[in-house]
Amino acid sequence: MTGLLIGYARVSTNDQALTAQKNALAALGVTPEQTFTGQSLTGANRARPGLREALAECRARTRKGVQVAKAKGRLRGK
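Residue numbers for the sequence shown follow our numbering, so the first one is 158 and each next one is one higher.
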């Protein structure tokens with residue numbers, strides 16, 4: 158990947174950890190400083206401050222658009 162790299166990792170249960178997601182982001186070249194995190198114990202909870210921070214960082218630093226990796230191996234352009 159090239160360009161601006163911003164990462165977002167989220168867990169949805171107390172039994173999950175962010176470690177694997179952070180490691181995967183690091184393998185893509187995302188630095189810890191550019192990795193935002195969140196915890197949402199339900200998919201219905203849309204209040205995700207970490208995601209809002211990550212998107213705000215993207216908006217502040219680029220005007221070309223954002224490509225989001227929603228799940229391992231799946232990309233969506235927006």
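Ideal Cβ positions, reconstructed from N, Cα and C, are used throughout, including at glycine.
| query | result |
| --- | --- |
| Where Q191 sits in the DSSP three-state scheme | helix |
| Residue nearest to L162 in terms of C-alpha spacing, selected from L175, V187, N180 and Q178 | V187 |
| Alpha-carbon spacing of A217 relative to E210, whole angstroms | 10 Å |
| A166 beta carbon less than 7 Å from that of T194 | yes |
| Inter-residue CB distance, T192 and L185 (contact presumed, cutoff 8 Å) | No, T192 and L185 are not in contact; Cβ-Cβ is about 10 Å, not under 8 Å. |
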